[in-house]
Amino acid sequence: MPSYKKFLHIGLALDPIHVGAGGARLGRVELTIVRDPVTRVPKIPGSSLAGVYRTYVAMAMHESDPNREARGRRWPYYPHCAGLGQPRGDYLGHCAQPDCPVCTVFGFARGRDQAGGFAGLAAFTDAHVLLFPVPTRQGPRWITSPDALQLVGLEVHGVDQKDQKDQNAVYLGSNQNTPLNLGWLLLPVMECAHFKKITQTLQEFKIPEYICNRLALVPDRLFPHIVNSNLEVRTSVAINPATGAAEEQALFSYEALPRGTVLAWEIIAKNPKHFRIEDKEICAQVDRNKMDDPQKVLEVTKKAHPYLEHLGVGGMGTRGMGRLKVLFSDQSPSTQTVSCSASSTSATSSPSGSSAPSAGDVTASSSGTEQGGAP
Ligand SMILES: [Zn+2]
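Everything in the sequence shown is counted per my numbering, starting at 3 for the first residue and increasing by one.
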């Protein structure tokens, strides 16, 4: 029996998603979202995911057992096992019992007598952007990059090689002679010889056909720029309740991952048999089965998925934001290699001068690029 198992999760944003960075930055947007510090691509931190999963699992458990008891008294899963852990007023805090699916899977902040704690059986990675919708003059395209595809076990070679003339190109399954605009960025089109392999793999993860049929692969170097220049930005203003008119100085803007963004994250589930709580073995149940292997830890976390789809993640929930539909939740795939390098460089009439703001403008974060050592 393994000590842990990794489970891949793929989710589709049904609304724009705003997971706030909790601070302002100089620039046009006041309420920014969390970004990866190296690539600058927006993400949902694993800690945010763990928090909403915990809350929603506690809600689900509460609905199936509203009169649940622990430590000799009524101790409902929600809100007591959901929140921060420390008791406060009427809030009892985490029950910290070895038979509590919430406290064992997500950990608890204290033991009995306020001592100790437990790290939890499920660990959450950050949710990264796998596919990102961008307007083009041919309708929307979902862009991805070799780095992003590694999330689903695809190792893509042959994109963005040094010896190619057009380093800034968009790769599609078939060639077309006209360049394609991704938002404001006009790029020559190249053909990726094994593009179908990418499409098929994404279909296996239950990503809808209308998305899989409209993929576009871009070099890692370009991906952050295209994502960041196509985020949703909304502007709101506070209304003065007395006058019904806009409050002065109360205009603010906020950004979000747009609806249709596809995110990928992993849940690493530990083996409950390897842990003890206060010298007792973990004896929580999920659907009347003892939670005694990593797969059953996953089953507990899955109870959050219907809530994620309806209540969502992140802020601005009252402004129609945050719903995330989980499309896939199963064992992480092993790695497959895809080579694009046999691509016929048939975008011959490459409009060298027409790549809008020239390549130099979009290489600022070239540190993270891969020079896929393709054969
Ligand atoms: Zn509990």
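From the three backbone atoms N, C-alpha and C, an ideal C-beta is built for every residue, glycine too.
Hey, out of the options, whose CA is closest to residue i's CA?
i: glycine 175; options: Val340, Lys8, Lys7; result: Val340
i: glycine 324; options: Glu257, Asp332, Val315; result: Val315
i: alanine 124; options: Pro135, His96, Phe108; result: Phe108
i: leucine 253; options: Pro81, Pro260, Thr263, Ala240; result: Ala240
i: threonine 201; options: Leu217, Leu187, Lys292; result: Leu217
i: methionine 293; options: Asp281, Gly141, His227, Phe277; result: Phe277
i: glutamate 311; options: Ile19, Lys7, Ser5; result: Ile19
i: glutamine 140; options: Pro181, Ser231, Gly91; result: Pro181
i: valine 220; options: Leu187, Asp92, Phe207; result: Leu187
i: threonine 203; options: Leu86, Ile12, Ala23, Thr138; result: Ile12
i: arginine 261; options: Phe120, Trp144, Pro226; result: Trp144
i: lysine 45; options: Asp128, Phe225, Lys298; result: Asp128
i: glutamine 169; options: Asn215, Phe225, Ile269; result: Phe225
i: lysine 327; options: Tyr309, Glu283, Val36; result: Tyr309
i: cysteine 214; options: Gln178, Thr146, Leu33, Glu257; result: Thr146
i: isoleucine 270; options: Val229, Cys83, Thr303; result: Thr303
Tell me the residue span of the alpha helix (DSSP H) that contains residue i.
i: leucine 259; result: Per DSSP, leucine 259 belongs to no alpha helix (DSSP H) and is neither H nor E.
i: aspartate 1; result: Any question about residue 1 goes unanswered here, given that the chain covers just 3 to 377.
i: threonine 106; result: 103–108
i: alanine 2; result: Because residue 2 is not part of the residues shown, which for the chain are 3 to 377, the question remains open.
May I ask whether a heavy atom of ligand 1 can be found less than 6 Å away from the beta carbon of residue i?
i: cysteine 342; result: no
i: cysteine 102; result: yes
i: histidine 96; result: yes
i: cysteine 83; result: yes
i: cysteine 105; result: yes
Taking the beta strand (DSSP E) that residue i falls in, what are its first and last residues?
i: glycine 14; result: Here residue 14 turns out to be leucine, not glycine, going by the sequence shown. Its beta strand (DSSP E) spans residues 6–15.
i: alanine 218; result: 217–219
i: threonine 237; result: 234–241
i: tyrosine 173; result: 172–174
i: glutamine 338; result: 338–341
Can you give the beta carbon distance from residue i to residue j, rounded, assuming they're within the 8 Å contact cut?
i: alanine 286; j: aspartate 101; result: 5 Å
i: alanine 98; j: lysine 305; result: Not a contact, Cβ separation roughly 20 Å.
i: leucine 153; j: leucine 132; result: 6 Å
i: histidine 307; j: serine 331; result: 7 Å
i: valine 191; j: valine 161; result: No, valine 191 and valine 161 are not in contact; Cβ-Cβ is about 13 Å, not under 8 Å.
i: alanine 60; j: valine 104; result: 5 Å
i: phenylalanine 126; j: alanine 52; result: 5 Å
i: tyrosine 79; j: arginine 70; result: 6 Å
Point to revise | Validate contact between the segment 223–241 and the segment 252–266 using beta carbons, cut 8 Å, 3 pairs | key: yes
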